[in-house]
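Which chain is which? The protein sequence lines are A and B, in order. Counting from 1, position 21 in the first sequence corresponds to residue 21 in the numbering used here; the numbering is continuous, with no gaps. To convert, count from 1 in the second sequence and add 1000; that's the numbering used here. Structure record follows, encoded as structure tokens.
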Amino acid sequence: MARDRNIFARLWRRWDTRLCLLIIAVYCFAAAYGEIVYQAARVTDRTPGYNVVHETSRYVPPAFVRVFSHAPRPAGQPIYPLGSDNLGRDVLQRLVQGARIAFHVGIITSLIAIPLGVILGSLGGYFGGRVDSVVVWLCATVASMPGLLFILAIAMVVGQGLLGVYLGIGLTTWVNVCRNVRGEVMKHRGRAYVQAAQVLGYSHARIMFRHILPNVTHIILIAFSIRFPSSVATEVFISFLGIGVQGEPSWGIMINNARLRLWQGVWWEMAFVTLAIFALVLAFNHLADALRDLLDPALRTEQE
Amino acid sequence: MEIVPTTFGVLMLTFLLFYVVGGSPAEVVLGKNATAEALAAFDARYGYDKPLFCGNWTGIRALGATARAKLEKRGATGLCRLPIAYALPAGEYRVNAGRVLLGLRESATGAADEALVDGPAPLTFAVREGWTAVSLDVGNSLPATLRLEKKSGGLCDSQFVHYVASLLRGDLGLSTEHNLPVSRVLKGGVGPSLALTVPILVCGTLLAVMLGLLCAAWRGGLADKAVLILSTVLMSVNYVVWVLAGQFLLAFKLRLFPIWGFESAAYLVLPVLIGIVSGLGRDVRFFRAAILDEVYKPYVRTAQAKGLSGSRIMICHVLRNSLIPIVTYVSLSIPFLFTGSLMLESFFGIPGLGNVSLNAIHSSDMAVVRAVVILGALLYQGVNLLTDLCYAWLDPRVRLR
């Protein structure tokens, strides 16, 4: 995988993409830490830190605000780096849990959508003919469903909770992956190396997945970088509407909590959740642009 | 004419989602504590008691499938009593056992009767009109799991056939929440949705195309880079945040717009504004790329060599030629004009289809959600067809076969 390392090096060399990679790395660590906290609380059967309720310290402003106002911290009150919410829970810890859920959603929906798209796209592009028509038909059918509403309907039918979100997003967003992979595999089908492999008598599956697939990995990489932020954004939306995650601090649920208090001047929860989503999605979007510029030869020739 | 198989696919997919995966709508609507009899009555009323695709027999809620081990032998007859949840109404039934003793009761008079049916394993028996079967004893060669099924109207009298047939008739079913035909529930929502979404589409597209043209004209320049960065930033702000921030800052803090309601045009300004801004980033990027595809082509150089002004080249030559991707892109959002915007409508109190479908999702009103999904998908098919016709008009090289 020399080519991949090369791509990473090229992304690292530019300051803007390096910043994106760093931001994503921070979120990765946050999500991993959140997972550890979550699992530890589950194993020891204790209330996890992000769910500990402090009735006496509700709506505490972020700690750095106190630095400016020089007001002393009341005795017995925990330190809230980013403030506390309506039940006195730590916003920072809940944000970290939100990152955990966002990564779950981004990765698991990709694990559903990308293999589905790659397999169907390879089959359609490689065999052509009737197989291809079936693949095209499937794509056209799913593509004609009204996006968000269809996802919500799947989430509703499967049942509220993360599973519905995973399936809803995963089963509707494979179409683009499938179309791109299909187009690329079609280009490769007539190439000499594929003909050589066919003459050698290799099986279709081996040619498709051992010979052609390594040549179209860049499409998968681009697809992942585009899908990840959009599925995170969709999850926020679904959870915000109360159909997605239940009882866990997803970013969407935090926004929904913070929404009502915003009118009373409790700005911190809303501001930090918004900022957290924004930074992650922006980093991924920018990285996706850079990846596309680097990896998509059609675009590259045009820009140079 | 690929529209026919795709439409069939859409019907199949919605059917699979709402009828097969969705489980029983009766349980969703009536709740977990409903009796089997109430559930069965609900099924019969809305046609959910038929087989899914085809078949003569369907399992019923009175018994479904029960393991033999749970049954007890009754002393005198040596038969086992089936634990049926409610008295079976008139109709033909099938049970996979060798001998059946029916305890019958006439509904009108309360008169009791018994009937014994004997024969090889899957036994068919009928309950006459006006009678119900209150008890069911079976014996002889009992299988490991017992099944009690009811005969349906015929091989094709299935939920799928019914579903397609009623859609063809324009019947979208009954809304379980409003107890009204779905078409009546949806009819009132189309107008407000269009009042919201059409201005968003028109203004948003015009603005984005103009910005895209400017970017392409000054490609590589400071303005181009600024717009590009700004649109990536705009694209990364979550939709939920746009709506909440717009409502809080512009309507509540600055009091520029009414906060909530649907009384005059003034109530629509803020939602339309939010709708435009939230889609602007993505649109500008797309249109810029579509226009840039054309900018490097030789005919542009020819036009420049002729001494035409830059603005004339961009508008008359480049824009005309990049209309195909632009029209495709815009046409894809036309179905959503009708289905409305979920967030904007519910947050600004606009009684459109988005609001209706969101409420339906919250109250598990399957029929309404299903109808909106199908309408959206069918509109998409129609718009696709229109787009193909549009290509032929825009680009004389494209011929319709």
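Beta carbons are placed, not taken as given, at the ideal position from N, Cα and C, and that holds for glycine.
Beta carbon proximity, residue i to chain A, threshold 9 Å
i	result
L1386 (chain B)	no
A1410 (chain B)	What is shown of chain B runs 1001 to 1401, which leaves residue 1410 (chain B) out entirely.
R1370 (chain B)	yes
I1291 (chain B)	no
S1357 (chain B)	yes
S1193 (chain B)	no
P1335 (chain B)	yes
A1377 (chain B)	yes
G1009 (chain B)	yes
S1322 (chain B)	no
S1175 (chain B)	no
Rounded separation between residue i and residue j - CA only
i	j	result
A140 (chain A)	T172 (chain A)	11 Å
R73 (chain A)	R58 (chain A)	14 Å
M1343 (chain B)	L1378 (chain B)	23 Å
Q1304 (chain B)	L1211 (chain B)	22 Å
V1202 (chain B)	V1330 (chain B)	10 Å
N1238 (chain B)	D16 (chain A)	21 Å
H1362 (chain B)	L1323 (chain B)	40 Å
N1033 (chain B)	A1026 (chain B)	11 Å
I1374 (chain B)	V1010 (chain B)	7 Å
A153 (chain A)	V1100 (chain B)	44 Å
L1148 (chain B)	I1060 (chain B)	7 Å
I1276 (chain B)	L1268 (chain B)	12 Å
P249 (chain A)	Q93 (chain A)	9 Å
T301 (chain A)	A223 (chain A)	Model confidence at T301 (chain A) stands at a pLDDT of 39, short of 50, so the residue's coordinates are unreliable; what they give is reported in the following sentence. C-alpha separation (whole angstroms): 20 Å.
L1206 (chain B)	L1270 (chain B)	18 Å
A1038 (chain B)	G1047 (chain B)	14 Å
G1055 (chain B)	K1150 (chain B)	11 Å
A1265 (chain B)	L1249 (chain B)	20 Å
I1003 (chain B)	K1187 (chain B)	26 Å
Q303 (chain A)	R1285 (chain B)	The predicted position of Q303 (chain A) is uncertain, since its pLDDT is 38 and thus under 50; no value can be drawn from it.
V1327 (chain B)	G1354 (chain B)	24 Å
V1356 (chain B)	M1366 (chain B)	12 Å
G164 (chain A)	Q195 (chain A)	43 Å
Proximity to residue i [Cα-Cα], best of the options
i	options	result
V1233 (chain B)	A:E235, A:P115 and A:I277	A:I277
A290 (chain A)	B:I1229, B:Y1046, B:P1143 and B:I1084	B:I1229
Y181 (chain A)	A:I243, A:P249, A:G252 and A:S122	Sequence check: residue 181 (chain A) is Val here, not Tyr. Comparing Cα-Cα distances from V181 (chain A) to each of A:I243, A:P249, A:G252 and A:S122, the minimum goes to A:S122.
L1332 (chain B)	B:G1382, B:N1359, B:V1373 and B:D1293	B:G1382
V1134 (chain B)	B:G1170, B:G1098, B:V1284 and B:A1090	B:A1090
L148 (chain A)	B:M1366, B:A1195 and B:T1339	B:T1339
P1325 (chain B)	B:V1020, B:G1349 and B:D1293	B:D1293
G1281 (chain B)	B:A1392, B:M1235, B:I1313 and B:L1250	B:M1235
D1157 (chain B)	B:L1337, B:C1316 and B:L1052	B:L1052
Status (buried if at least 16 other CB within 10 Å, exposed otherwise) for residue i
i	result
A2 (chain A)	In this prediction, A2 (chain A) scores a pLDDT of 48, lower than 50, which makes its location untrustworthy; the coordinate-derived value is nonetheless stated afterwards. Answer is exposed; the Cβ neighbour count stays below 16.
T234 (chain A)	buried
I79 (chain A)	exposed
E1114 (chain B)	exposed
Y1299 (chain B)	exposed
D45 (chain A)	exposed
Q1159 (chain B)	buried
K187 (chain A)	exposed
D1171 (chain B)	exposed
C1080 (chain B)	buried
L1116 (chain B)	exposed
E1106 (chain B)	exposed
Residue-level contact to chain B via CB, residue i, 9 Å cutoff
i	result
E302 (chain A)	Low local confidence applies: a pLDDT of 39 at E302 (chain A) is under 50, so the model's placement there is unreliable, with the coordinate-based value given in what follows. So, interface residue.
A140 (chain A)	yes
L143 (chain A)	The sequence given here has Ala at residue 143 (chain A), not Leu. So yes, A143 (chain A) belongs to the interface.
R259 (chain A)	yes
G252 (chain A)	yes
I79 (chain A)	no
I220 (chain A)	no
W137 (chain A)	yes
P146 (chain A)	yes
I101 (chain A)	no
I255 (chain A)	yes
Near the ligand SAM: residue i beta-carbon under 8 Å from a heavy atom
i	result
W15 (chain A)	For the ligand SAM, the structure offers nothing, since it holds no ligand at all.
Where the region 261-289 of chain A meets chain B: residues whose CB sits under 8 Å from a CB there: L262, W263, M270, T274, I277, F278, V281, L282, N285, H286 and D289
Chain B contacts made by the region 225-247 of chain A, where a contact means CB separation under 8 Å: P229, A233, V236, F237, F240, L241, G242 and I243
Near-chain B residues of the region 149-182 of chain A (beta-carbon distance less than 8 Å), N- to C-terminal order: L149, F150, L152, A153, I154, M156, V157 and V158
Selection of the region 1233-1258 of chain B by Cβ proximity to chain A, strictly under 9 Å: V1233, M1235, S1236, V1237, N1238, Y1239, V1240, V1241, L1244, A1245, F1248 and F1252
Residues of the region 1015-1028 of chain B whose Cβ lies closer than 7 Å to any Cβ of chain A, in chain order: L1017, F1018, V1021 and G1022
Residues from the region 1199-1229 of chain B in contact with chain A, defined by Cβ distance under 8 Å: none
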